[in-house]
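A.B. asks: Reading the sequence shown from the start, the letters are residues 10 to 95 in the numbering used here.
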Amino acid sequence: MSNRISNRGSNYDQRLALYRFLKQIKEIDPDVDPLLDRKLAALFTTFAPGTLANWPREKLYYLRFGRTVRYPLSELQRFMRSEGLD
Numbered sequence: 010m011s012n013r014i015s016n017r018g019s020n021y022d023q024r025l026a027l028y029r030f031l032k033q034i035k036e037i038d039p040d041v042d043p044l045l046d047r048k049l050a051a052l053f054t055t056f057a058p059g060t061l062a063n064w065p066r067e068k069l070y071y072l073r074f075g076r077t078v079r080y081p082l083s084e085l086q087r088f089m090r091s092e093g094l095d
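1) To which residues of the same chain is P58 closer than 7 Å at the C-beta, ignoring the five residues directly before and after it?
2) Starting from F74, follow the beta strand (DSSP E) in both directions and report where the run begins and ends.
3) Can you tell me whether L72 is buried or exposed, with buried defined as 16 or more other CB within 10 angstroms of its CB?
4) With a threshold of 8 Å, are at least 3 pairs of Cβ atoms found where one atom belongs to the region 36–43 and the other to the region 76–85?
5) Using DSSP's beta-bridge definition, name the partner residues of V78.
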């Protein structure tokens with residue numbers, strides 16, 4: 010049981026660090042739209058990376074460069090609002 014609590018706290022800390030980092034990027038250049046890899050996108054949305062990988066592009070838009078997948082931050086924010094998760 011204690012492992013679940015510590016893991017949950019760790020994810021919270023990681024999410025908080027990610028939000029702060031993204032906020033700093035937007036303060037430097039408001040026009041930039043950062044691209045997040047699947048692991049960071051999962052952390053941002055609180056969904057598992059495998060769940061994001063299984064969703065079709067129509068549900069959550071992503072860019073594919075060969076085997077590399079990137080999610081635009083603006084698209085993740087749009088998705089969160091549309092699902093009522095913001």
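Quick reminder that beta carbons are idealized off the backbone N, C-alpha and C, glycines included. Treat the numbers as computed from the prediction; the structure is a model and nothing was measured.
C.D. replies: According to the structure shown:
1) What you label residue 58 is simply residue 49 of the sequence shown in a count that begins at 1. If we look at P58 and ignore the five residues flanking it on each side, its Cβ neighbours are R47, K48 and A51.
2) To locate residue 74, count along the sequence shown from 1; it is residue 65. Looking at the DSSP string, the run of the beta strand (DSSP E) that includes F74 is L72 to F74.
3) Numbered from its first residue, the sequence shown carries residue 72 at position 63. L72 comes out exposed.
4) yes
5) Residue 78 sits at position 69 when you count from the first residue of the sequence shown. DSSP lists R73 as partners of V78.
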